[in-house]
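Numbering-wise (our numbering), the sequence shown opens with residue 3 and increments by one. Every residue gets a Cβ at the ideal spot worked out from N, C-alpha and C, and that includes glycine. This structure is a prediction, so every number in the text was calculated from the model and none was measured.
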Amino acid sequence: MSFTKIELPVAARRPVIGVMGSGVDPHPNLACPLGVWIAEAGYHLLTGGGAGVMAAVSGAFAAVKDRRGLVLGILPSVEGTPGRESPDGYPNRWVELPIRTHLASRGSRGDDPASRNHINVLTADVVVVLPGGAGTASEVQLAARYGRPCVAFVLEPDRAPGLPPSVPVVTSVDAVADYVRAHL
């Protein structure tokens, strides 16, 4: 039996931009223009798949016509139902590729080994942080621990207290874009 060798083109891997922020407050003045820019730049968007910033950035991203990237959502599990059930509100309606996990820890337990935040940070080529709570803070700490490029996007720099010195604070989508392009 003879086989013909077929040369397939090497597919370029599309960069993944992780956006982390509040699961309650959507911060639309930050999340929406950021989502549009990520889509127009041709990247994939990764979030935790829930409400707040996650839904706002995903909705803005998904609304861009003819975009090439997807909305990826790394979903938590409900305690005791590993991978079978996600909490209410997960995934949000814009998640195109839901990635279900067995990991239930979140919020103040976001750096726990049983938290999907590790996957969020390790999957993203660059992490962009918007205002958030304990879960967002844990993602910033994990990005620093794992050496992932991470930038904080806030309109008022004093709204980002406690960031590691390695995380720059920017106040515009253009500055986020410059940071992302420099770190891909």
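| Item | Value |
| --- | --- |
| Determine the closest residue to residue 39 out of 123, 55, 111, 69, with distance taken between C-alpha atoms. | 69 |
| Report the option in 101, 5, 177, 23 whose CA atom is closest to the CA atom of residue 58. | 23 |
| Name the DSSP beta bridge partners of residue 152, please? | 129 |
| Which residues in the same chain have their Cβ closer than 7 Å to the Cβ of residue 106, if we skip the five residues on either side of it in sequence? | 78, 79, 80, 81, 116 |
| If we ignore side chains and look at the alpha-carbon of each, how far apart do residue 120 and residue 148 end up? | 9 Å |
| Does the region 46-53 come close enough to the region 91-111 that 3 or more CB-CB pairs lie under 8 Å? | yes |
| With three or more beta-carbon pairs closer than 8 Å as the criterion, would you say the region 4-14 touches the region 118-136? | no |
| Quickly, what does DSSP pair residue 37 with across the bridge? List them, please. | Paired residue(s): none; residue 37 is not in a bridge. |
| Looking at the secondary structure, which residues open and close the alpha helix (DSSP H) in which residue 95 lies? | Per DSSP, residue 95 belongs to no alpha helix (DSSP H) and is neither H nor E. |
| Within 10 angstroms of the Cβ of residue 9, are there 16 or more other Cβ atoms? Answer buried if so, exposed if not. | exposed |
| Answer yes if the region 98-105 comes into contact with the region 129-137, meaning at least three C-beta pairs across the two stretches below 8 Å, and no otherwise. | no |
| Look at the alpha carbon of residue 174 and the alpha carbon of residue 152, and state the distance between them as a whole number of angstroms. | 15 Å |
| I'd like to check one pair, residue 136 with residue 109: are the Cβ atoms closer than 7 Å? | yes |
| For the beta strand (DSSP E) containing residue 75, name the first residue and the last one. | 73-77 |
| Let's test the definition: count the other Cβ atoms within 10 Å of the Cβ of residue 155 and tell me whether it reaches 16, buried, or not, exposed. | buried |
| The beta strand (DSSP E) that contains residue 21, what's its start and end? | 18-22 |
| Starting from residue 46 and walking both ways along the beta strand (DSSP E), at which residues does that stretch end? | 46-49 |
| Who does residue 117 pair with in a DSSP beta bridge? | 107 |
| What residues are listed by DSSP as bridge partners for residue 171? | 154 |
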